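Numbering (the working numbering), first residue to last: 18 to 270.
All residues carry an ideal CB built from backbone N, CA and C; glycine is no exception.
Just so you know, these numbers come straight off a predicted model, no measurement behind them.
Everything below concerns the one structure shown next.
Structure follows, in structure tokens:
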């Protein structure tokens, strides 16, 4: 941490008109949350599937043999297709005939076939100080022998009190996935199956209170060790809350 602080001081002092009035270190709490979700592969519906669904929508079909004769397609292909459509919930068989489910009608109308993939679990990191999910992995955090005190404006919320709407979690998870190549297939997240808050991680930050003599400007720089970058969100918080106090304390006549 000392080596990092020295490097950052050299960086902020590169502008010879700026001086460091004070420096300190503290931790921001970051909540880890394990989210289990259902990904779905979406692909353009092929012609045979579309014709099959249209046939069930418009005609009374009791078995694969009838459909095979109507569509002039090998019965083995039809049997496999019926198993697939039944298993994915697009069709079901009543007392006598097959018919489309509401899911099947919706996918036929959109021309998009959705195929559920294996469930996945991902850990997300939420910072109440930033009011956002951080786009990093906790494994990226360096280990420190000693941690400084908690950030003076850190949230006092107890562990487990955070709540998130499903749409917000889906958006964060979707944005964190590797971008796919353009094509007819796309994997999307449709449902959050469970979410479980884990531990709170203390993330060290280095704070510098700076003064630009030429501009008569007081400002802060905060280095976030998890993000490995200057944290403008925390800098803005400090300036909004403390700039008047800094001027009175550090620049008094």
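Check, Outcome
"Quick one: what's got a C-beta closer than 6 angstroms to residue 133's C-beta in the same chain, skipping five residues either side?", "57"
"Can you give me the Cβ contacts of residue 71 inside the same chain, cut-off strictly under 6 angstroms, excluding the 5 residues immediately before and after it?", "none"
"Given a cut-off of 7 angstroms on the beta-carbon distance, is the pair residue 120 and residue 106 in contact?", "yes"
"Classify residue 177 as buried or exposed, calling it buried when 16 or more other Cβ atoms lie within 10 Å of its own Cβ.", "Here the model assigns residue 177 a pLDDT of 49, short of 50, so the residue's position is not dependable, and the following value carries that caveat. Classification for residue 177: exposed."
"Can you check which of these residues, 171, 67, 90, is closest to residue 126 by C-alpha distance?", "67"
"Hey, could you find the ends of the beta strand (DSSP E) residue 130 is sitting in?", "129 to 133"
"For residue 180, report the span of its alpha helix (DSSP H) as first-last.", "Neither: residue 180 is in no alpha helix (DSSP H) and is coded neither H nor E."
"Where does the unbroken beta strand (DSSP E) through residue 52 begin, and where does it stop?", "35 to 61"
"Following the continuous alpha helix (DSSP H) through residue 100, name the residue where it begins and the one where it ends.", "92 to 104"
"Can you tell me which of 73, 155, 150 puts its alpha carbon nearest to the alpha carbon of residue 88?", "73"
"Based on DSSP bridge pairs, tell me the residues matched to residue 71.", "DSSP lists no partner for residue 71."
"Indicate whether residue 130 and residue 64 have their beta-carbon atoms separated by less than 7 angstroms.", "no"
"When the Cα atoms are used, what is the spatial distance from residue 175 to residue 235?", "Residue placement at residue 175 is poorly supported in this model, since its pLDDT is 46, which falls under 50; the coordinates are not used for a value here."
"DSSP on residue 171, reduced to helix/strand/coil?", "coil"
"To which residues of the same chain is residue 167 closer than 6 angstroms at the C-beta, ignoring the five residues directly before and after it?", "44"
"Can you grab the Cα-Cα spacing for the pair residue 203 / residue 97, in whole Å?", "23 angstroms"
"Three or more C-beta pairs closer than 8 angstroms, one from the region 136 to 144 and one from the region 29 to 40: is that the case here?", "no"
"Among the candidates 95, 193, 148, whose CA atom is the shortest distance from the CA of residue 154?", "193"
"With which residues is residue 222 paired in a DSSP beta bridge?", "43, 241"
"In three-state DSSP terms, what is residue 251?", "helix"
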